[in-house]
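Shown next, in C-alpha coordinates, is the structure this report addresses.
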Amino acid sequence: MRKGLFLLLAVALGAMFIAGCTTGTGETGDKIDTEAFFPNELNNYWTYLVEGDGADYNQTQTIIDDPDVLLAGEQRIRIQNDSDDDGDYLEVTIIDDETDSLEMVGLELYENGNREAREFWDDYPFMMLVWDDYGINDGDEWDAWEITGFDYPWFWGLPESLMDSLGMVLTAKVDGTEDFTYGNDTLTAYKIVVSGDATFEKDDEDPEDWDSYNWQRDYYFVPEFGYVKIQEYQEQYGQMIEADTYTLIDTNVPVPTQ
43 MRKGLFLLLA VALGAMFIAG CTTGTGETGD KIDTEAFFPN ELNNYWTYLV
93 EGDGADYNQT QTIIDDPDVL LAGEQRIRIQ NDSDDDGDYL EVTIIDDETD
143 SLEMVGLELY ENGNREAREF WDDYPFMMLV WDDYGINDGD EWDAWEITGF
193 DYPWFWGLPE SLMDSLGMVL TAKVDGTEDF TYGNDTLTAY KIVVSGDATF
243 EKDDEDPEDW DSYNWQRDYY FVPEFGYVKI QEYQEQYGQM IEADTYTLID
293 TNVPVPTQ
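Here the sequence shown is numbered in this note's numbering, starting from 43 and rising by one per residue.
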(Lines of atoms letter the chains of each structure in order from A; the text may use other names.)
(Lines give C-alpha, C1' and ligand atoms only; values in the text may rest on other atoms or scores of the structure.)
Protein backbone atom coordinates (compact mmCIF):
# COMPACT_ATOMS: atom_id res chain seq x y z
CA MET A 43 0.00 0.00 0.00
CA ARG A 44 3.01 2.29 0.32
CA LYS A 45 3.70 2.74 -3.40
CA GLY A 46 1.44 5.72 -3.99
CA LEU A 47 1.51 7.26 -0.54
CA PHE A 48 3.34 10.56 -0.38
CA LEU A 49 2.49 14.27 -0.25
CA LEU A 50 2.31 16.94 -2.58
CA LEU A 51 2.45 18.78 -1.17
CA ALA A 52 1.00 19.29 -0.63
CA VAL A 53 0.99 18.78 -0.60
CA ALA A 54 2.37 18.88 -2.62
CA LEU A 55 -0.32 17.85 -0.58
CA GLY A 56 -0.44 19.69 -1.53
CA ALA A 57 -0.21 20.16 -3.43
CA MET A 58 -2.34 27.30 -7.31
CA PHE A 59 -2.56 29.44 -10.37
CA ILE A 60 -5.22 30.61 -12.84
CA ALA A 61 -5.15 32.12 -16.29
CA GLY A 62 -5.92 35.81 -16.46
CA CYS A 63 -5.80 36.30 -12.69
CA THR A 64 -3.21 38.51 -10.99
CA THR A 65 -3.08 36.20 -7.96
CA GLY A 66 0.37 34.71 -7.72
CA THR A 67 1.78 36.05 -10.99
CA GLY A 68 3.30 39.33 -9.85
CA GLU A 69 3.47 40.40 -13.50
CA THR A 70 1.06 43.33 -13.04
CA GLY A 71 2.69 44.56 -9.84
CA ASP A 72 -0.48 43.85 -7.84
CA LYS A 73 -0.05 42.45 -4.36
CA ILE A 74 -1.73 39.18 -3.40
CA ASP A 75 -3.46 37.85 -0.31
CA THR A 76 -0.55 35.84 1.09
CA GLU A 77 -2.77 34.15 3.69
CA ALA A 78 -4.92 32.63 0.93
CA PHE A 79 -2.02 31.42 -1.22
CA PHE A 80 -2.40 27.79 -0.12
CA PRO A 81 -6.03 26.73 0.61
CA ASN A 82 -5.44 25.02 3.95
CA GLU A 83 -8.95 25.00 5.43
CA LEU A 84 -10.21 22.02 7.42
CA ASN A 85 -11.77 19.29 5.19
CA ASN A 86 -10.40 20.69 1.94
CA TYR A 87 -9.59 17.72 -0.29
CA TRP A 88 -7.98 16.98 -3.63
CA THR A 89 -8.49 13.67 -5.50
CA TYR A 90 -5.94 12.59 -8.10
CA LEU A 91 -5.94 9.91 -10.77
CA VAL A 92 -2.60 8.10 -10.48
CA GLU A 93 -1.37 6.49 -13.68
CA GLY A 94 1.90 4.84 -14.60
CA ASP A 95 3.65 1.51 -14.93
CA GLY A 96 1.45 -0.69 -12.76
CA ALA A 97 -0.39 2.29 -11.24
CA ASP A 98 -4.10 2.91 -11.85
CA TYR A 99 -5.98 4.20 -8.81
CA ASN A 100 -7.32 7.35 -7.18
CA GLN A 101 -5.61 9.10 -4.29
CA THR A 102 -7.34 11.62 -2.02
CA GLN A 103 -5.48 14.15 0.11
CA THR A 104 -7.57 15.77 2.87
CA ILE A 105 -6.69 18.46 5.42
CA ILE A 106 -7.82 17.03 8.77
CA ASP A 107 -6.83 19.87 11.14
CA ASP A 108 -8.29 23.33 11.68
CA PRO A 109 -5.54 25.88 10.92
CA ASP A 110 -6.76 28.11 13.76
CA VAL A 111 -6.40 25.41 16.44
CA LEU A 112 -2.93 23.88 16.25
CA LEU A 113 0.17 25.68 17.47
CA ALA A 114 2.71 27.07 15.01
CA GLY A 115 0.32 26.52 12.11
CA GLU A 116 0.86 22.75 12.05
CA GLN A 117 -1.74 20.75 10.13
CA ARG A 118 -2.01 17.18 8.91
CA ILE A 119 -2.94 16.06 5.42
CA ARG A 120 -4.31 12.53 5.24
CA ILE A 121 -3.34 10.70 2.06
CA GLN A 122 -5.35 7.63 1.12
CA ASN A 123 -5.60 5.45 -1.99
CA ASP A 124 -8.97 4.03 -3.01
CA SER A 125 -7.22 0.70 -3.62
CA ASP A 126 -6.25 0.43 0.07
CA ASP A 127 -8.24 -0.55 3.16
CA ASP A 128 -9.85 2.28 5.17
CA GLY A 129 -7.27 1.91 7.95
CA ASP A 130 -4.27 2.24 5.62
CA TYR A 131 -3.14 5.82 5.00
CA LEU A 132 -0.42 8.42 5.50
CA GLU A 133 -0.65 11.60 7.53
CA VAL A 134 1.79 14.34 6.55
CA THR A 135 2.36 17.34 8.79
CA ILE A 136 2.70 20.72 7.11
CA ILE A 137 3.23 24.29 8.31
CA ASP A 138 1.66 27.13 6.32
CA ASP A 139 2.89 30.39 7.83
CA GLU A 140 0.41 32.30 5.60
CA THR A 141 3.18 34.80 4.92
CA ASP A 142 5.81 33.35 2.60
CA SER A 143 6.22 29.56 2.86
CA LEU A 144 4.65 26.12 3.04
CA GLU A 145 6.76 23.43 4.74
CA MET A 146 6.51 19.68 5.21
CA VAL A 147 7.91 18.59 8.60
CA GLY A 148 6.72 15.06 9.38
CA LEU A 149 4.94 11.90 8.35
CA GLU A 150 3.07 9.05 10.01
CA LEU A 151 2.12 5.74 8.41
CA TYR A 152 -1.03 3.94 9.53
CA GLU A 153 -1.86 0.32 8.75
CA ASN A 154 -5.13 -1.21 9.92
CA GLY A 155 -5.72 2.01 11.85
CA ASN A 156 -2.50 1.61 13.88
CA ARG A 157 0.46 3.93 13.54
CA GLU A 158 3.37 1.86 12.25
CA ALA A 159 5.93 4.56 11.47
CA ARG A 160 6.56 8.16 12.50
CA GLU A 161 9.31 10.61 11.55
CA PHE A 162 9.60 14.35 12.01
CA TRP A 163 12.33 16.64 10.71
CA ASP A 164 11.27 20.01 12.16
CA ASP A 165 14.81 21.42 12.10
CA TYR A 166 15.24 20.57 8.40
CA PRO A 167 11.84 21.25 6.78
CA PHE A 168 11.08 20.39 3.19
CA MET A 169 10.20 23.75 1.60
CA MET A 170 7.23 22.98 -0.64
CA LEU A 171 6.42 26.57 -1.62
CA VAL A 172 8.06 29.96 -1.20
CA TRP A 173 6.31 33.19 -2.19
CA ASP A 174 6.25 36.92 -1.47
CA ASP A 175 3.70 39.73 -1.57
CA TYR A 176 3.45 39.25 -5.35
CA GLY A 177 3.20 35.44 -5.37
CA ILE A 178 5.66 33.33 -7.37
CA ASN A 179 7.16 33.90 -10.80
CA ASP A 180 8.94 32.06 -13.55
CA GLY A 181 12.58 31.64 -12.58
CA ASP A 182 12.09 31.74 -8.81
CA GLU A 183 14.44 29.32 -7.00
CA TRP A 184 14.87 28.11 -3.43
CA ASP A 185 16.64 25.41 -1.42
CA ALA A 186 13.96 22.76 -0.99
CA TRP A 187 15.55 20.20 1.32
CA GLU A 188 18.87 19.06 2.75
CA ILE A 189 18.71 16.14 5.14
CA THR A 190 20.60 13.01 6.10
CA GLY A 191 19.56 9.93 8.04
CA PHE A 192 15.97 9.89 6.77
CA ASP A 193 14.56 6.49 7.76
CA TYR A 194 11.75 5.96 5.25
CA PRO A 195 13.00 6.25 1.64
CA TRP A 196 9.80 4.60 0.32
CA PHE A 197 8.07 7.90 1.13
CA TRP A 198 9.99 9.41 -1.80
CA GLY A 199 9.51 6.39 -4.07
CA LEU A 200 12.93 4.89 -3.37
CA PRO A 201 13.72 1.24 -2.46
CA GLU A 202 14.35 0.95 1.28
CA SER A 203 15.97 -2.46 0.76
CA LEU A 204 19.00 -0.76 -0.84
CA MET A 205 19.88 1.52 2.07
CA ASP A 206 19.75 1.98 5.83
CA SER A 207 18.79 5.64 5.54
CA LEU A 208 18.44 8.34 2.93
CA GLY A 209 20.11 11.67 2.30
CA MET A 210 18.51 14.31 0.08
CA VAL A 211 19.81 17.60 -1.32
CA LEU A 212 17.05 19.21 -3.39
CA THR A 213 16.43 22.58 -5.00
CA ALA A 214 13.20 23.98 -6.44
CA LYS A 215 12.81 26.15 -9.51
CA VAL A 216 9.70 27.64 -11.11
CA ASP A 217 10.05 26.57 -14.74
CA GLY A 218 7.37 28.52 -16.57
CA THR A 219 3.65 27.75 -16.73
CA GLU A 220 1.40 25.21 -18.43
CA ASP A 221 -2.33 25.17 -19.13
CA PHE A 222 -4.40 22.65 -17.19
CA THR A 223 -8.05 21.82 -17.87
CA TYR A 224 -10.23 21.23 -14.82
CA GLY A 225 -13.92 20.83 -15.64
CA ASN A 226 -14.90 23.85 -17.72
CA ASP A 227 -11.95 25.94 -16.57
CA THR A 228 -8.53 26.35 -18.13
CA LEU A 229 -5.96 27.07 -15.45
CA THR A 230 -2.39 28.20 -15.88
CA ALA A 231 -0.15 26.14 -13.65
CA TYR A 232 3.24 27.08 -12.30
CA LYS A 233 5.58 24.20 -13.01
CA ILE A 234 7.84 23.77 -9.97
CA VAL A 235 10.74 21.41 -10.68
CA VAL A 236 12.17 19.87 -7.50
CA SER A 237 15.40 18.05 -8.26
CA GLY A 238 18.74 17.07 -6.84
CA ASP A 239 20.61 14.13 -5.34
CA ALA A 240 19.36 11.15 -3.34
CA THR A 241 22.13 9.40 -1.40
CA PHE A 242 21.73 5.76 -0.37
CA GLU A 243 23.29 5.71 3.10
CA LYS A 244 24.59 2.35 4.39
CA ASP A 245 25.73 1.80 7.95
CA ASP A 246 28.48 -0.66 7.00
CA GLU A 247 30.07 1.62 4.41
CA ASP A 248 32.22 4.71 4.62
CA PRO A 249 30.13 7.78 3.69
CA GLU A 250 32.62 8.47 0.90
CA ASP A 251 31.49 5.21 -0.72
CA TRP A 252 27.76 5.92 -0.62
CA ASP A 253 26.05 6.03 -3.99
CA SER A 254 24.08 9.11 -5.08
CA TYR A 255 21.41 9.26 -7.76
CA ASN A 256 19.45 11.97 -9.53
CA TRP A 257 15.94 12.60 -8.17
CA GLN A 258 13.16 14.76 -9.61
CA ARG A 259 9.46 15.56 -9.27
CA ASP A 260 7.53 18.28 -11.08
CA TYR A 261 4.71 19.97 -9.14
CA TYR A 262 2.04 22.01 -10.94
CA PHE A 263 0.52 24.53 -8.56
CA VAL A 264 -2.34 27.08 -8.71
CA PRO A 265 -2.48 29.82 -6.04
CA GLU A 266 -5.65 29.69 -3.94
CA PHE A 267 -6.58 26.37 -5.58
CA GLY A 268 -3.98 23.65 -5.08
CA TYR A 269 -1.69 21.21 -6.85
CA VAL A 270 -3.28 20.08 -10.12
CA LYS A 271 -0.61 17.67 -11.32
CA ILE A 272 2.49 15.90 -10.03
CA GLN A 273 4.96 14.12 -12.30
CA GLU A 274 7.34 11.57 -10.82
CA TYR A 275 10.56 10.45 -12.51
CA GLN A 276 12.91 7.48 -12.40
CA GLU A 277 16.56 7.57 -13.37
CA GLN A 278 17.58 5.11 -16.08
CA TYR A 279 21.15 5.10 -17.37
CA GLY A 280 21.60 8.71 -16.32
CA GLN A 281 18.36 9.92 -17.90
CA MET A 282 15.25 11.01 -16.00
CA ILE A 283 12.28 9.04 -17.36
CA GLU A 284 8.65 9.93 -16.57
CA ALA A 285 7.07 7.50 -14.12
CA ASP A 286 3.75 7.88 -12.23
CA THR A 287 1.57 10.91 -12.96
CA TYR A 288 -0.94 12.39 -10.48
CA THR A 289 -3.73 14.38 -12.19
CA LEU A 290 -6.38 16.33 -10.27
CA ILE A 291 -9.90 15.04 -11.00
CA ASP A 292 -11.93 16.41 -8.08
CA THR A 293 -11.69 18.96 -5.25
CA ASN A 294 -14.03 20.97 -3.03
CA VAL A 295 -11.80 24.04 -3.33
CA PRO A 296 -13.48 26.65 -5.59
CA VAL A 297 -11.68 27.73 -8.71
CA PRO A 298 -10.39 31.26 -7.97
CA THR A 299 -12.39 34.03 -9.58
CA GLN A 300 -10.72 35.99 -12.36
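Heads up, the beta-carbon is just placed ideally off N, CA and C, and yes, glycines get one too.
Since this is a predicted model, take the numbers as computed values, not measurements.
Separation of residue j from residue i, as counted between CA atoms
i	j	result
Glu-133	Gln-281	32 Å
Gln-101	Gly-268	15 Å
Gln-278	Trp-257	11 Å
Glu-93	Asn-294	22 Å
Asp-107	Leu-204	35 Å
Ala-285	Tyr-262	16 Å
Thr-141	Lys-233	21 Å
Asp-72	Trp-252	48 Å
Gln-273	Gly-218	15 Å
Pro-195	Thr-299	39 Å
Leu-168	Gly-225	Sequence check: residue 168 is Phe here, not Leu. Approximately 31 Å between the Cα atoms of the pair.
Thr-289	Gln-276	18 Å
Gly-129	Gln-103	15 Å
Gly-155	Asp-124	15 Å
Glu-183	Asp-165	21 Å
Ile-283	Gly-96	15 Å
Tyr-87	Glu-250	43 Å
Pro-109	Tyr-131	21 Å
Met-146	Trp-163	9 Å
Asp-126	Asn-85	20 Å
Phe-197	Glu-83	25 Å
Nonlocal neighbours in the same chain, by C-beta distance under 7 Å from residue i, ignoring five residues either side
i	result
Asp-292	Thr-89
Phe-222	Leu-229, Ala-231, Tyr-262, Val-270 and Lys-271
Asp-193	Glu-161 and Ser-207
CB contact flag (residue i, residue j, <7 Å)
i	j	result
Val-270	Asp-227	no
Leu-212	Gly-181	no
Ile-105	Ile-119	yes
Val-264	Ala-214	no
Glu-153	Thr-135	no
Asp-260	Asp-206	no
Ile-74	Gly-148	no
Ala-186	Val-236	yes
Gly-209	Glu-243	yes
Chain-order list of residues whose beta-carbon lies under 6 Å from that of residue i (same chain, five-residue window excluded)
i	result
Arg-160	Glu-150
Phe-80	Asp-138 and Leu-144
Ser-254	Asp-239 and Thr-241
Asp-191	In the sequence under discussion, the amino acid at residue 191 is Gly, which differs from the Asp named in the question. Around Gly-191: Ser-207.
Glu-158	Leu-151
Thr-76	Thr-141
Residues of its chain near residue i, where Cβ-Cβ distance is below 8 Å and the 5 sequence neighbours each way are ignored
i	result
Asp-98	Val-92
Thr-287	Val-92, Glu-93, Gly-94, Lys-271, Ile-272, Gln-273 and Glu-274
Glu-188	Tyr-166, Met-210, Val-211 and Leu-212
Glu-220	Thr-230, Ala-231, Lys-233 and Tyr-262
- Item | Segment contact flag, the region 195 to 203 with the region 165 to 173, C-beta cutoff 8 Å, min 3 pairs | No, the region 195 to 203 is not in contact with the region 165 to 173.
- Item | Continuous alpha helix (DSSP H) assignments of at least 4 residues falling wholly in the region 184 to 217 | If we require 4 residues or more, the region 184 to 217 turns out to have no alpha helix (DSSP H) run fully inside it.
- Query: Fully enclosed by the region 115 to 178, which beta strand (DSSP E) runs are 3 residues long or longer?
  - Reply: Taking only runs of at least 3 residues, the beta strand (DSSP E) segments lying wholly in the region 115 to 178 are 116 to 123, 131 to 138, 143 to 153, 156 to 162 and 168 to 172.
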